[in-house]
Structures are given as structure tokens and as C-alpha cells.
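Asks: The structure that follows is given in the form of C-alpha cells.
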Amino acid sequence: MGIPRLISTLEPFAVRGPLEGDDLVIDGPALAYHVLYICRRNRIGQPSYDLLGRTTVSWLDKLSSHSSIKAIYFDGHLPPAKLPVRMERMVKSTSQLNQFYSSCTGGRPGRHLSQGEETDIDLFTSQQPENKQLLPPSFLVPAIIDALRQTDKYGSLVHQVPGEADAFCARHVATYGGIVLTSDSDLLVHDLAEGKVIFFRDIHLIGGKSGLECLFYDPRAICRKLGIPIEDALRLGYEVSRAHHASISQITRDCKQPLADEEEYKEFCREYLHHETSPVPTTEDGTLLHLECLDPRLSELALQLGNSNLDGQDARIFLPVLIENPLLGSAWEQSTPVRQLAYTMYRWAVPGQTSSVQEYRRVNMHQQKGRAVGMLPKDDAYAAIEDLLHLMKRVRMLGKDTPLSFWLTLSLVLDIRECQDREKKSRSLRMVGQSRTVPGWSSESNVSWDLIHLTAQLQAAYYSFRILQQILSLCSETTWESISPQVWDLHKELVELPPLTEFPDTQRTVEFLGRAQEFGIMKVLGEFVNVELEPETSSRKRSKTKKRKNGDEQAEVGSKRVAKQAIHTGRNMFSLLSDE
1 MGIPRLISTL EPFAVRGPLE GDDLVIDGPA LAYHVLYICR RNRIGQPSYD LLGRTTVSWL
61 DKLSSHSSIK AIYFDGHLPP AKLPVRMERM VKSTSQLNQF YSSCTGGRPG RHLSQGEETD
121 IDLFTSQQPE NKQLLPPSFL VPAIIDALRQ TDKYGSLVHQ VPGEADAFCA RHVATYGGIV
181 LTSDSDLLVH DLAEGKVIFF RDIHLIGGKS GLECLFYDPR AICRKLGIPI EDALRLGYEV
241 SRAHHASISQ ITRDCKQPLA DEEEYKEFCR EYLHHETSPV PTTEDGTLLH LECLDPRLSE
301 LALQLGNSNL DGQDARIFLP VLIENPLLGS AWEQSTPVRQ LAYTMYRWAV PGQTSSVQEY
361 RRVNMHQQKG RAVGMLPKDD AYAAIEDLLH LMKRVRMLGK DTPLSFWLTL SLVLDIRECQ
421 DREKKSRSLR MVGQSRTVPG WSSESNVSWD LIHLTAQLQA AYYSFRILQQ ILSLCSETTW
481 ESISPQVWDL HKELVELPPL TEFPDTQRTV EFLGRAQEFG IMKVLGEFVN VELEPETSSR
541 KRSKTKKRKN GDEQAEVGSK RVAKQAIHTG RNMFSLLSDE
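Right under this line is the structure:
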């Protein structure tokens with residue numbers, strides 16, 4: 001979160017100069033959000049993951065033409081002490097979603113949801129973003145990581161670490177020298193030895209757009225200018241955090257006085273002096289867990305589940321906030337069983353005691369608990385794998401003579417089938433059945449919240465398959481074959497999952513629905529579910545909405561419930577998928 005006003009307080013002591021020939025270490029998450037800001041300054045409110053990736057590479061190419069990029073660090077572990085900060089961010093994101101909905105309850109313009117035509121990006125434009133209410137893309141950071149890893153130039157520089165990126169950036173610069181490139185003011189109080197800090201916002205073009213100029217923050221030089229000991233950089237940050245509106249002269253005087261509260265100061269310093277990292281667990285292969293295989297949020301969970309010191313506590317995963325209708329149940333709900341299978345299979349890959357995961361989706365208050373997702377007994381997990389493989393085979397066979405997307409169709413089948421198994425109506429089926437009435441895509445046309453929510457459900461399903469895919473990549477074919485040959489069969493199916501750049505956005509969903517009837521989607525769905533659409537009464541709608549509000553984020557999906565459902569539906573774990 002950084003220290004409020006620390007940058008503006010110290011800015012008069014920064015030195016302006018050209019960026020040329022320096023060794024740079026980059027704060028990865030800050031880079032991702034800077035690239036998003038660049039796109040929005042170019043009046044692209046909701047850039048595609050493809051555009052975000054290309055813009056990141058272009059920006060780094062410009063940077064590397066003047067300096068040498070040594071490393072790009074991304075968070076892979078959430079220290080327990082940072083849990084309140086994460087909860088605060090989740091509450092803020094959920095509040096943003098609520099405001100995004102309430103400002104246009106009748107729908108949103110297409111340009112606020114998906115970017116249509118994408119033009120060239122001015123990497124250093126001074127324009128201001130058009131709309132500051134927009135939410136960030138749900139999978140922003142993993143999409144940037146994917147884009148970097150696919151390049152020969154930057155792939156080897158990307159490091160997902162068992163700690164926080166800023167701490168690893170600081171350690172790198174303190175050890176090898178160089179400059180940290182970040183947006184986080186915390187780097188000004190870390191021990192950088194002779195290292196310096198540049199903030200993304202302070203990099204500008206000079207010399208007929210051929211060179212780069214920036215502000216250099218040298219913590220040691222700043223301390224000397226202020227007349228305080230170099231080792232008091234932490235004290236400087238502490239005094240600014242206590243008195244946001246004090247002048248620099250007052251803060252300097254405070255630094256030279258005895259501490260008013262030594263315990264408070266020690267607590268403040270702990271984060272910067274003791275960089276908490278997580279031990280990396282060993283898989284069934286006997287090898288260290290390969291964090292590079294996992295998205296950051298999944299890496300956080302994997303390290304928790306591999307930690308023998310959890311003392312029976314549930315591990316936590318903070319699922320990305322989706323752009324969805326906040327009056328309905330979480331769009332993550334329908335795909336819970338896919339993730340439940342993934343958590344179970346991780347437990348097979350990395351043995352441990354924890355048997356439940358707390359999922360945080362939409363978080364409305366800091367004290368809110370996540371939704372407990374229990375891991376499956378082995379027999380139920382085997383049955384679930386068999387059922388999913390069988391379903392994949394049938395969907396692929398029935399759709400082979402049509403241009404219908406296999407993964408979109410599979411996601412719809414899972415949703416609709418399980419809703420009907422639980423005697424609930426599927427919103428997805430209703431949307432597909434009414435697809436002839438869905439207007440064609442336009443960046444200026446209004447998109448209904450029903451369609452926005454359907455897109456979020458499809459994104460959640462795709463990402464749940466991605467979680468399962470990444471878990472299965474942690475062990476070798478030999479290891480999975482020794483557990484069950486079907487596990488490796490599932491791995492081979494999931495290798496074909498589209499990358500984040502091809503995940504469904506609102507535009508793709510509209511285009512899919514526009515062609516669905518022409519390509520015979522109802523006939524394909526009819527092989528799995530009852531496709532007869534029934535009118536839904538307003539009283540039933542109100543009843544269901546009330547139930548969703550009361551139940552959202554509260555119910556527990558546990559092993560006992562899974563076993564009971566499996567018996568009822570012929571051991572089909574995916575019968576847990578519900579309408580919302």
C-alpha cells in the first residue's frame with residue numbers, strides 16, 4: 001500500500017536526469033498496473049489481455065534500449081501480517097464493483113467492458129484517463145506474466161518469488177547495485193545500500209522522443225541533505241506515516257528527537273528489516289514446488305497448503321474480482337467443483353494436513369470469512385475426474401462438425417446440467433435460448449447486466465480450468481500415472497485450454513450468442529440437458545434473489561456434501577454446480 005505522502009514529501013530532493021546505462025530491477029505488479037494506466041491514458045478503458053501484453057513488451061523494449069533490465073519480480077506469497085492489507089484491497093475492489101453497477105443499473109456501454117478496435121499505443125502520452133470508475137481487468141497480473149514468459153528477451157528475467165516483490169527488488173539492488181523501478185513508496189525506506197528508486201510515473205521522453213528522463217530518488221543522499229543519519233531512512237518513513245501533513249522541516253526535527261512510542265516504531269520497522277518468505281514445499285516427485293507454473297494467487301495458496309505450520313487453519317485464496325452483477329450470487333459459484341477438484345489434486349501432489357480452502361470472492365467487510373471448500377475423498381475425486389473426462393469427450397464429439405467453441409460449450413453444459421440436477425433454472429440456458437434477440441456487438445451499445453454476468457460466469461469457469469491445469473503441471477506423468485492413469489488423461493485435455501488472451505470477454509460472448517443458433521447450439525446442449533425454456537415468475541425471481549443474497553459467500557462446500565451428492569447423482573461431483 002505504501003506510505004501516504006512519502007513520495008511527495010521527498011520529491012524536492014530527487015534528482016532529474018537521463019536514464020542511460022543503468023541496471024534496472026522491476027517491481028512486476030507495479031509494472032502491470034502502470035501498463036493498464038498507459039492504455040487508459042490512450043482512452044482504452046478496458047484493454048484486452050493481448051493488448052496489455054503487447055504494450056508491456058513495447059514499453060520494456062523502449063526502456064531496455066537505454067538501460068539493462070536485470071530482473072522482474074512478482075509476488076508469490078502473502079505474509080500473514082499482510083492479510084489485513086489484502087482484505088482492505090478486496091473490500092475496495094468489491095466497493096468499486098458495487099459503484100460500477102449502481103451508476104448504470106440498466107447496463108454498461110460496450111467500451112467499458114471489452115475493447116473493440118485497438119489502435120497503436122502512445123507509451124508516454126500525457127492524456128488523462130477518460131473514466132476513472134472502471135475496474136481493472138480481472139486477470140491483469142497473470143496476463144502480463146504470460147506475455148513476458150512468451151518472449152525470449154524477458155522470459156528468463158521473470159521471477160515469481162516466495163515472498164513480496166518489493167522486498168526481493170530491494171534485496172537484489174542492495175546486493176548487486178542498480179535502480180528499483182516501482183510505484184510503491186515503501187522502496188524508499190527499504191535498505192537499498194547504494195541503490196536508487198525510480199517511480200513509473202516519473203519517466204518521460206526527451207530529446208525528440210529518442211531519450212528517457214526521470215527522477216532519481218537516492219535514499220542515502222536524501223538523508224545526507226536532511227542532516228539525518230543514513231540508517232534513519234526508516235525513521236524518516238515512520239515520522240511521515242505518523243504525520244501526513246507535517247512539513248519536511250518538522251519531520252526532520254522529529255527524526256532527531258527521542259521516539260515517542262518505541263514499540264510502535266519497532267512494529268513499523270519489522271516489515272522492512274525482516275523480509276518474510278515462505279518455505280517452498282516438496283512435491284510427490286521429490287522436487288521443490290515450481291512456482292513458475294502457477295499464477296500469483298494460486299502460488300499463494302500452494303505455499304500455504306505446503307506449510308506444516310498452519311496448525312489446522314484453513315488456507316486462503318483470494319479469487320480475482322470479476323465484472324459481474326453484484327445483486328446476484330458470485331459468478332465463481334458455478335465452477336466451485338472444478339476448483340474443489342484442483343485443491344484436492346494439489347493435496348495429492350503435496351501431502352499435508354489442511355483439508356479445506358477458504359475462498360474469498362466478493363468481500364464487503366474486513367471481518368468477512370471466505371467460503372470453505374472441502375477437499376474430496378479419493379473415491380469421489382476419481383469419480384469426478386471420470387465424469388469430467390466423459391463430458392469433455394462427448395462435447396468434443398458432438399461439436400466437431402460445428403465452429404462452436406469447445407470450452408464455451410463445455411462451460412455452458414456444466415452450468416445448465418447441474419442447475420437442472422438441483423432443480424434450479426439456469427440463467428445461462430435462458431440467455432442462450434434468447435440469443436436471437438441479443439444485439440450485435442458495438443463499443444457504444446448498451447450491454448445488459450444479464451449478459452455481463454454470463455460473461456463473468458464463463459470467465460470463472462475458464463479460470464477454474466486454468467487452476468486445475470496448473471495444479472496438474474506440478475508433477476510428472478509418472479507421478480500422476482501412479483495415482484491414476486485418468487489424471488494424466490485429464491492433464492492432456494487441459495493442455496488445450498486457451499490462454500488468457502483468448503478467454504471470453506463481453507464482446508466474444510455477444511459474438512458467440514449471435515452465432516449460437518445458426519451453429520446448432522441448442523441441439524448440442526439438448527444432448528446433455530432439457531433445453532425447453534419455461535417462463536420465470538416475478539415472485540420466484542424475488543425468492544431466488546433473496547436466497548442468493550443470504551447465501552452468498554456463506555455456504556460451505558465440504559467433503560460430506562460432495563459424497564452425498566455423488567451417491568444421489570451416480571457419483572457426479574459436478575452436480576454441485578448451481579444457478580448462482
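Residue numbers (full-length UniProt numbering): 1 to 580.
Each residue gets a CB set at the ideal place from its N, CA and C atoms; glycine is no exception.
Determine the DSSP secondary structure at V363, reduced to helix, strand or coil.
Replies: In the structure shown, V363 sits in coil (DSSP, three-state: anything other than H, G, I, E or B).
Asks: Comparing alpha-carbon positions, which option in I3, F465, L148 and F13 lies nearest M392?
Replies: For M392, the nearest C-alpha among the options comes from F465.
Asks: For P296, count neighbouring Cβ atoms within 10 angstroms of its own Cβ and tell me buried if that reaches 16, exposed if not.
Replies: With 16 or more Cβ atoms within 10 Å of its Cβ, P296 is classed as buried.
Asks: Where does the unbroken beta strand (DSSP E) through Y73 begin, and where does it stop?
Replies: Note, Y73: beta strand (DSSP E), S68 to D75.
Asks: Just the Cα atoms here: how many angstroms apart are T125 and T182?
Replies: Distance between the alpha carbons of T125 and T182 is about 19 Å.
Asks: Report yes if the CB atom of A193 is closer than 8 Å to the CB atom of A165, and no otherwise.
Replies: Taking 8 Å as the Cβ cut-off, A193 and A165 do not qualify as a contacting pair.
Asks: Would you mind reading off the limits of the beta strand (DSSP E) that contains Q160?
Replies: That run of the beta strand (DSSP E) goes V158 to V161.
Asks: With a 10 Å radius around its C-beta and 16 neighbouring C-beta atoms as the bar for buried, classify E580 as buried or exposed.
Replies: In this prediction, E580 has a pLDDT of 37, which is less than 50 and means its spatial position is unreliable; nothing more can be read from the coordinates.
Asks: Whose C-beta lies closer than 7 Å to the C-beta of L474 among residues of the same chain, with five residues either side of it excluded?
Replies: If we look at L474 and ignore the five residues flanking it on each side, its Cβ neighbours are T283, L289, H290, C293 and A349.
Asks: Where does M375 land, buried or exposed, given buried means 16+ other C-beta within 10 angstroms?
Replies: Answer is buried; the Cβ neighbour count reaches 16.
Asks: Should G370 be labelled buried (16 or more other beta-carbon atoms within 10 Å of its own) or exposed?
Replies: Looking at its Cβ environment, which holds 16 or more other Cβ atoms inside 10 Å, G370 is buried.
Asks: Going along the chain, which residues of its own chain have a beta-carbon closer than 7 Å to the beta-carbon of D202, five neighbours each way excluded?
Replies: Closer than 7 Å at Cβ, skipping near neighbours: C214 and L215.
Asks: Out of E527, S426, G163 and L123, which has the shortest C-alpha to C-alpha gap to D61?
Replies: Checked all of E527, S426, G163 and L123; the closest Cα to D61 is L123.
Asks: How many Å lie between K153 and I471 at the Cα?
Replies: K153 and I471: Cα-Cα distance of roughly 27 Å.
Asks: Measure from the alpha carbon of V35 to the alpha carbon of each residue in L140, A461, P4 and P79, then state which is nearest.
Replies: For the residues L140, A461, P4 and P79, the minimum Cα distance to V35 belongs to L140.
Asks: What is the rounded straight-line gap between the Cα of P320 and the Cα of E88?
Replies: Cα to Cα, the separation comes out at about 14 Å.
Asks: Please tell me whether L429 and V524 are closer than 8 Å, where the distance is taken between their beta carbons.
Replies: No, they are not a contact pair.
Asks: To the nearest whole angstrom, what separates the beta carbons of L412 and V438, a pair I think is in contact under 8 Å?
Replies: That belief does not hold up - the Cβ atoms of L412 and V438 are roughly 15 Å apart, past 8 Å.
Asks: In chain order, which alpha helix (DSSP H) runs of at least 4 residues are fully inside the segment 111 to 165?
Replies: List check, alpha helix (DSSP H) in window: 140 to 149.
Asks: Give the range of the alpha helix (DSSP H) segment to which K196 is assigned.
Replies: Unbroken run through K196 is the beta strand (DSSP E), K196 to F199; no alpha helix (DSSP H).
Asks: Which same chain residues, not among the five before or five after H453, have their C-beta less than 8 Å away from its C-beta?
Replies: Around H453: E324, N325, L328, A331 and R427.
Asks: Suppose the cutoff is 7 Å on Cβ atoms and the five residues either side in sequence are ignored; what does the same chain contact list for L234 look like?
Replies: Excluding residues within five positions, the ones whose Cβ falls inside 7 Å are V189, C269 and Y272.
Asks: Taking the beta strand (DSSP E) that P80 belongs to, which residues open and close that run?
Replies: That residue, P80, is in no beta strand (DSSP E); it is neither H nor E in DSSP.
Asks: Buried or exposed, going by whether 16 or more other CB atoms sit within 10 Å of the CB of K549?
Replies: Summary for K549: the model assigns pLDDT 45, below 50, so the residue's position carries little reliability, and this model does not support an answer.
Asks: Are the beta-carbon atoms of L63 and I72 separated by less than 8 Å?
Replies: No, the Cβ-Cβ distance between L63 and I72 is not below 8 Å.
Asks: What does the Cβ neighbour count give for V495, buried or exposed, with the cut at 16 atoms within 10 Å?
Replies: Looking at its Cβ environment, which holds fewer than 16 other Cβ atoms inside 10 Å, V495 is exposed.
Asks: Return the CA-CA distance between I179 and L187, expressed in angstroms with no decimal places.
Replies: Taking the straight line joining both Cα atoms gives about 10 Å.
Asks: Alpha carbon to alpha carbon, how far is T501 from H245?
Replies: Cα to Cα, T501 sits roughly 44 Å from H245.
Asks: Checking 8 Å against the spacing of the C-beta atoms, do V25 and H172 come in under that value?
Replies: Cβ atoms of V25 and H172: closer than 8 Å.
Asks: Determine the burial state of E359: buried for a count of at least 16 other Cβ atoms within 10 Å of its Cβ, exposed for fewer.
Replies: The residue is buried, with at least 16 neighbouring Cβ atoms inside 10 Å.
Asks: Which whole-angstrom value is the C-beta distance of S48 and Q459, which I expect to be below 8 Å?
Replies: That pair is no contact at about 13 Å.
Asks: Identify every residue that forms a DSSP beta bridge with N307.
Replies: In DSSP, N307 forms no bridge with anything.
Asks: Just the Cα atoms here: how many angstroms apart are V557 and P281?
Replies: Unreliable positioning characterises V557 in this predicted model, as indicated by a pLDDT of 46, which lies under 50. The coordinate reading is nonetheless provided below. Each residue's alpha carbon lies about 26 Å from the other.
Asks: Going by the DSSP bridge assignment, what does C214 pair with across the sheet?
Replies: C214 is bridged to G17.
Asks: Answer yes if the segment 477 to 493 comes into contact with the segment 401 to 411, meaning at least three C-beta pairs across the two stretches below 8 Å, and no otherwise.
Replies: Contact between the segment 401 to 411 and the segment 477 to 493 is absent, because fewer than three Cβ pairs lie under 8 Å.
Asks: Give the DSSP bridge partners of S58, in chain order.
Replies: None, per the DSSP bridge assignment.
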